[in-house]
Each structure stands twice: as C-alpha cells, then as structure tokens.
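Trainee: Numbering (my numbering) for the sequence shown: 1 to 747.
Think of the CB as a built atom: it goes at the ideal place given N, C-alpha and C, for glycine as much as any other residue.
One structure follows; several queries about it will come next.
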Amino acid sequence: MGHRGEDAPLLLLLLSLFASCHGRIVKVPAGPLVRVESTEVVIPCNVSQYEGPSEQNFDWEFSRISAPDSRFVQVVSTWDPWFTSQEYKDRVDGKEITLRRNSNNSVELVIGNIRPTDQGMYRCTTPSTDSVVQGNYNAVVEVKVIADGLTVGRSTARSTSTWNLSEGDAFQLLCSASTNSSEHTHLHVSWEFRNGFAWQEILSLTHEGKFQPGSEYNERYISGDVRLDAMANDIYRLSVSQALPTDEGAYRCRVSEWVKGADASWQKIQEKAVDIANVVVQPTALGVFITRSNVSVTEGDSLDLTCNFTTDRSGIFQAEVRWYFSESPDSTMAEAQVLLSADRDSVVSDSTLISLSHVDRSSYHLLVRDVSTEDSGYYYCQATLWVPQHNGSWHKVAERTSVPVTVEVLALEPTYHVFLNATKTPKYAEDPTELECRITEAQNTETNVRFTVSWYYRLPMRSDEVVKDELLATMDADWTLVVGDRSKQRAQNGEIIFSKPTVDTFRLRIQWTSEADRGDYYCVISSWSRQRNNSWIKIKDVASVPVSILWSTQGPVFNVSVESHKTTVYRGELVKLDCIISIAGTVISPDDMSFDVSWFAMHSIAMDRDPVFLASLDRKGIVTQAKRNGSSDVSLERISPMEFRLRIHGCEDQDFGNHYCLVTPWVRSTAGIWQQEMEVKSKPILVTVKMDVLNAFKFPLLIGIGLSTIIGLLSCLIGYCSSRWCCKKEVQETRRERRRLMSMEMD
C-alpha cells in the first residue's frame, strides 16, 4: 500500500504529460484569483491540441461551494443561447456578464461589476470535437472577492488646486494612498502629467518597491530635479526642485493595488486616480540691451560698450554674460565669434586687447583697445540666468540676446600727394623713356602704413573708340610685383624695368620706346594698413596726373576738291557733284584709311549765308540726310575709296547756290588703332538752276487757244438759237378738208 501511495504522484504526472502531448488541454489561470468588489473581472480560458474545426466553443459555469462534487450553475455559452440559467439571465442580457473571444481557441469571461456573491469556483468547458476522447475538457479556477479597501485622495495642506509659480521655483505635490485589504496587497503609486490630451508618467513607486521614471523625466530624475518620497501617514510626495515652462499643466496621482497570485506573478486587482493640481509656470522675464546703438570710432582708439539686463526674478540667481562679434547682421550665433565671457562666478576669459568688467549685478562693460578697421561689424550681448538646485548644481532659467549694435571703425587715412615726372623722354623711336612716381607731403604715415604703386597706360585721346586704361604692373601689399599682359613679355626680356629706388619713389623705364608706346602714362599710389593679425588692408588710392609720351612724326596731308561735269541745269534736271580726296606726303594703304564726308550748301553767290546741311556718309557706311521742303531730293554714295558723289534729283530754284564737302580722315596706326586726323574743307562750287522758256510758255499758249475755240463755238451756238426761236413769225392758213379719192373700181 505504501508503495502504491508513493507511486500515485508519479503516475498522475505521467498521465498529465501523456495527456498534454496526446489530448485536448483546457487551461484557466491558476487560482485563487483575488479580485476587488465592484471592479471588472476577466477570466481567460483557452484550449489546445484538439481535433475538429478550428473555432472552438466554450461553456462557463459557477459554483459557490469550493468542492469537487459541488453543483455548478450554467452562466454563459458561446454556442448555446439557452445555456444561461435563470439566475444569471438578467446579468447576461444586460451585458454585465459577457464572453469576449480573443481567437478561435480562447475566450474571456468578463464580469463587469463583480459582487461578493460571485466568489466561488468557475469552470470552463469545451464540447468535444475530437474523434477520440482524451485529455481534459474543462478547467476550474477559484475567484475570491474582497472588499474595496483602497483610499486615494489629495492632501489638505493646500486649499486651491491651481498653483502659480515662477520659472525656476520649487514645488511639491502630495497624494495620500492607503489600503485595509484583507489580502496581502501592495500599492503602485504613479505621478502623471498632462499638457495636452494624453497623460504621461513622471515618476512611479512600483508595487515591488522600485522607482520608475517616465521616458521624458529620466534625466531630471537622475539629476535629482524630480523626486518621489514615501512619507508618514501614507503620504506620497512629488518634489520638483526647478519648475520649467514645460512643467505647466495638470497633475494627478494614480494608485493601483496588486496581489501576488498562486504562480508567484503580480496581478493588478484595481486602480484609482485623483487630480491633484493645475500648475501655471510664469517664464522668467529677461531683457538684454546695449546702451549704445550705432557707434563710430577712429582707428587706434578704444571701443566702449555696456551690456545691461533686466529681470523680474527675485531670490538667488547668477548671471553669465557673453559678448559676440559678427561681420554680418544675418549670421547665426553659432557663426559669430565669442569675444569675452563672464561665467556665474564672474570669472572672465583672458584677452590682451579686450577686457570685460562687472559694473554691477546687471551691467557688464566691454572695452576693446586699439581698434582697427577689421573690428568694424556687429556686436551682440547674451545674458543667461542660472538658479541653484537642491543638489548643488545650477539650472538655466532664461537666456536672451541683445539687438546687435553696429560699430564702424574709421580708418586713420594718411594724407599724401602723388607726382609723376618724365625724367627721360624720347625724341625719336627707340629712345629710352623713364618715368618717376614720387610720394609728397605725406602725413599720418606711421609704421603700420605701407605704400605700393600701380602703373597704367592710356591710349591717345583722339581715338574714337572707348578704350580702358591698361594695367602695366601693380604691387601687392607685400611689395610683390604683378606685371600686366601688355608688358609681361617685354619685362621678362628686360625691355621694361620697374624699380623702387627709395621709400617714397617708384620708377618705370622703357629701354627702347616704340610707336606702340606712344600715349599717356600715370601711376596710382595705394596706402595699406597693417591689422592686428599682421594682414594688410588697403585704405586709400591716389592717382597722379597723366604724362604724355609723344614725339614728332610725319603724318599724311589730305586735300579735298569738288568737281562736276555740269553745274548749270534747268529745273527738274539731275546734278552730280564729286568730292575727290587726295593725299600728299606718305603713302598709306587704302585699307588703313577711312573718311567721314558731309555736304553743305549756301544759297548765295556771295557766300554770306549760313551753310545748310544736305547729307553725310560716315566711315562705317551710314548715310544721313536732312529734311527737305521742296520736291527735289539728294543721294550720297562712295564711288571709289577716295571719291564720294552727291546727286541732286529734280533740281529746283532752292538748290541754287554754292556747294562744298567737309571730310574727316581716319588713319590706322601701326598699333592697329584708328586715329582721327584734322578735317579738310573743299572749295565751293556754284550750281545754277535756269528756267526753260519754251517749256514755260507751252502750257499757257495751249490753254489760251483752247479757251478761244470754246468761246467762239459758244457764240455761234447762241446766234443760231436766237434766230431759230426768237425771230420767227406766225402765218394763218385756211384749213383745207382732206378727202380721200374713192377707187374707181368701187364706183
């Protein structure tokens, strides 16, 4: 017997393992399940290792007696609507007791408002769909219903539920939570915050006695800014040592009651929450401004600026001040340069030329000594307020930046004049040319000022083209010579030499002056100022008066005459006038010559009237004509490289007079530049317009003959009409009776 008793547990274990591997298994939570009166109770049940359809049905029954042979009352079923007994019909119909299916093989029995009479045994049964009956088809769990012993409330230490705080103030919220449950339960206390729609966890003391901060409050919990303390008399205190603007919102205390189940797991049996307070946080007001607006200071002097700040904060706080410099007003603070700063302990960063002094609690004085032009820009002042925390650390409550002040450092410009002298001038081509550029009457030229030169060449002014000045050479601030394209090759060959014989003298020498070197030369002296970082900045340019390098040469001599094969014409005829250009002296290719030709007329033999412009043809082929009042017209054309013809079509009396042409020659030099020569005027030629007598009287004669003929015919017609109707006499005649003779045949 003893052996059979000892083998019974082993046999049951083997049977259960066999059943679990080869039969249906119905499971419910391990009991007893401790639940609180008037709360919602959820009891899950699931089935596995079954045959038949995937969706299984469940029946729930209840017994108040915790005995194996006790009678169970039918509560609710997933497949039989008439399964519910009369005792539970009202509660099932009223949805107080429902079945909630989670999957095909699991459901939950939900009792919305559990009563003390609901304490007992609950059995979950699954109807068989297996081909062979094996395993278990039901499972039983015990539910214990205890009275509600949890009390959660606000502390009565503060009467109002709205707390008005200033940024950085400390505040504490109290919540009372206790339980007199008959079971051994633990409380889980959570502080929560809401600034919108959802509550978020601040800090919790769990049912296992652990502190658990919310995700948004983890850093503040680690730093000690947010704490939760369990105090006497079941009081739970939330402490915030430094109120932030983001702390503004509603606070509540949420307490849940937990009990350890038969499987040693913790189960939440109920939860209650109470609103504690609404916290309003006023941000710290901080204004930062610089006492001066736009500042102008001369180079070498000191820049004096003061930063003031105002705040409504009282109590203990420390200020930190930083001065920034930026070259642009639109740059961010990250791009700005930090000049100096004073921390909370009034420790100022080091600088040799910049100093920062603490005038009083809200004023900081910046002094920049020996300013230079590179100090021109925008200056900002930034103030930060810090307040101490309970753990000895400091918390930043406010930070503001002033409006930038514009600082302009006026360069101390040196005053000087520049004199350019031609020490050697060529008389002929291939002679040397030497120009000397000197600085005179220089003032304010301290050791930090340096002079450099730039040499320029300008084409002769009689050129009709707009030509820019050509750079021959220039010096950088470090006296490095940069030669221009015009003189680079010749400078490398030693034909052009740039030198600096003395401190205030610069020299340009052309060893062999060519035709292309004819023109105007001038120099520009630039003054440079050394900055604190040993860089140089240009502050002034002074140019000299140009010097002309020219020598006498043979130029061409132009002559102009006007010819015409016929200068006396009748009205309406054509006149041709030819302007012929000739050249004496040198021989010039026609491709290197061009002419502007203009025609004028003076309607007088004595040449005592003002000339009248007729037409012109410029060297680019553009013809311009004057407006004419009569019926005659003019045309102008080039008939050869040096001959230009004026035609007067349909001459009239107004075309009578002296005519001449005015010519402006253009000659292309060996350098390829078109140069304007002096204009040449031809001798006038007289054009006479006569009247044709025959043609003049032909039309009047024809008109007279025609009129005479018409008048004669008209006279004859009048005489005939008069004799016909006006002089005729009337004669009376006796009327004779006319009878027709009768034919003899009829007789």
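Would DSSP call Ala-516 helix, strand or coil?
Mentor: helix
Trainee: Excluding the 5 residues flanking Tyr-456 on each side, which residues of the same chain have their C-beta closer than 8 Å to its C-beta?
Mentor: Asp-469, Glu-470, Leu-471, Leu-472, Tyr-521, Tyr-522, Cys-523, Val-524
Trainee: Please specify which runs of the beta strand (DSSP E), each continuous and at least 3 residues long, are wholly inside the stretch 320 to 384, giving them in chain order.
Mentor: 337 to 342, 354 to 360, 363 to 368
Trainee: Should the stretch 395 to 405 be regarded as contacting the stretch 159 to 168, the criterion being three or more beta carbon pairs within less than 8 Å?
Mentor: yes
Trainee: Using DSSP with H/G/I as helix, E/B as strand and the rest coil, what is Arg-490?
Mentor: helix
Trainee: Buried or exposed: which applies to Asn-113, given that a residue is buried once 16 or more other Cβ atoms fall within 10 Å of its Cβ?
Mentor: exposed
Trainee: If we count the other Cβ atoms within 10 Å of its Cβ and call it buried at 16 or more, is Thr-84 buried or exposed?
Mentor: Burial of Thr-84 is indicated by the presence of at least 16 other C-beta atoms within 10 angstroms of its C-beta.
Trainee: By how many angstroms is the C-alpha of Asp-130 removed from the C-alpha of Asn-99?
Mentor: The sequence shown places Leu at residue 99, rather than the Asn named in the question. Going by the C-alpha atoms only, they are around 23 Å apart.
Trainee: For Thr-709, which of helix, strand or coil comes out of DSSP?
Mentor: helix
Trainee: Give, in chain order, every unbroken run of the beta strand (DSSP E) that is at least 3 residues long and sits entirely within the stretch 231 to 281.
Mentor: Unbroken beta strand (DSSP E) stretches of 3 residues or longer found wholly inside the stretch 231 to 281: 235 to 240, 249 to 260, given in chain order.
Trainee: Work out the CA separation of Glu-679 and Asp-608 for me, nearest whole Å.
Mentor: 22 Å
Trainee: Hey, could you find the ends of the beta strand (DSSP E) Tyr-660 is sitting in?
Mentor: Start and end: 657 to 668.
Trainee: Identify whether Asn-218 lies in helix, strand or coil by the three-state DSSP scheme.
Mentor: helix
Trainee: Check each candidate in Glu-320, Gln-337, Arg-322, Val-321 and name the one with the smallest Cα separation from Ser-328.
Mentor: Measuring from the Cα of Ser-328, the nearest candidate turns out to be Gln-337.
Trainee: Three-state secondary structure (DSSP) at Tyr-720?
Mentor: helix
Trainee: Which residue or residues does DSSP assign as beta-bridge partners of Asp-633?
Mentor: His-649
Trainee: Which residues in the same chain as Glu-320 place their Cβ atom closer than 6 Å to its Cβ, once the five residues preceding and following it in sequence are excluded?
Mentor: Asp-343, Arg-344, Thr-384
Trainee: Can you tell me where the beta strand (DSSP E) with Glu-408 in it begins and where it stops?
Mentor: From DSSP, the beta strand (DSSP E) with Glu-408 extends over 405 to 410.
Trainee: Grab the span of the alpha helix (DSSP H) containing Lys-89 for me, first residue to last.
Mentor: Per DSSP, Lys-89 is one residue of the alpha helix (DSSP H) stretching across 86 to 93.
Trainee: Given this structure, state the Cα-to-Cα distance separating Thr-709 from Ser-723, to the nearest angstrom.
Mentor: 22 Å
Trainee: Spatial neighbours of Gln-267 within its chain, please: C-beta separation below 8 Å, excluding the five flanking residues on both sides.
Mentor: Leu-33, Val-34, Trp-258, Val-259, Lys-260, Gly-261
Trainee: Among Phe-506, Ser-487, Asn-493, which residue has its Cα nearest to the Cα of Ile-439?
Mentor: Phe-506
Trainee: Roughly how many whole angstroms lie between the Cα atoms of Pro-641 and Leu-481?
Mentor: 48 Å
Trainee: Mark Val-663 as exposed unless 16 or more other C-beta atoms lie within 10 angstroms of its C-beta, in which case mark it buried.
Mentor: So Val-663 counts as buried.
Trainee: Please name the residue in Ser-341, Ile-496, Val-503, Arg-518 whose C-alpha comes closest to that of Arg-509.
Mentor: Ile-496
Trainee: Assuming Val-409 contacts Val-453 under a Cβ cut-off of 8 Å, what Cβ separation, rounded to an integer in Å, is found between them?
Mentor: In fact, because the Cβ distance is near 27 Å, the residues do not count as touching under 8 Å.
Trainee: Just curious, the beta strand (DSSP E) that His-186 is in, first and last residue?
Mentor: 185 to 194
Trainee: If you draw a straight line from the alpha carbon of Leu-714 to that of Cys-721, how long is it in whole angstroms?
Mentor: 11 Å
Trainee: Which residues in the same chain as Lys-690 place their Cβ atom closer than 6 Å to its Cβ, once the five residues preceding and following it in sequence are excluded?
Mentor: Scanning its chain for C-beta atoms nearer than 6 Å, with the 5 sequence neighbours on each side dropped, one finds around Lys-690 the residues Tyr-570, in chain order.
Trainee: Would you check if there are 3 or more beta carbon pairs closer than 8 Å linking the stretch 177 to 184 to the stretch 140 to 151?
Mentor: yes
Trainee: Label Asn-102 either buried or exposed according to how many other C-beta atoms from any shown protein chain fall within 10 Å of its C-beta, with 16 as the threshold for buried.
Mentor: Under a 10 Å Cβ-count criterion, Asn-102 is classified as exposed, with fewer than 16 other Cβ atoms of the shown protein chains found around its own Cβ.
Trainee: When you compare each of Ala-516, Gly-630, Tyr-88 to Trp-551 by their alpha carbons, which one comes out closest?
Mentor: Ala-516
Trainee: By a C-beta neighbour count over all protein chains shown, 10 Å radius and 16 as the cutoff for buried, is Met-475 buried or exposed?
Mentor: Under the 10 Å beta carbon count, Met-475 is surrounded by 16 or more other beta carbons and is classified as buried.
Trainee: So, do the stretch 428 to 439 and the stretch 307 to 325 have three or more beta carbon pairs nearer to each other than 8 Å?
Mentor: no
Trainee: Does the structure place the stretch 271 to 281 close enough to the stretch 243 to 251 that three or more beta carbon pairs sit under 8 Å?
Mentor: Note that the stretch 243 to 251 touches the stretch 271 to 281; at least 3 beta-carbon pairs, one per stretch, sit closer than 8 Å.
Trainee: Would Met-593 and Gly-657 qualify as a contact pair, given that the criterion is a beta-carbon distance under 7 Å?
Mentor: no
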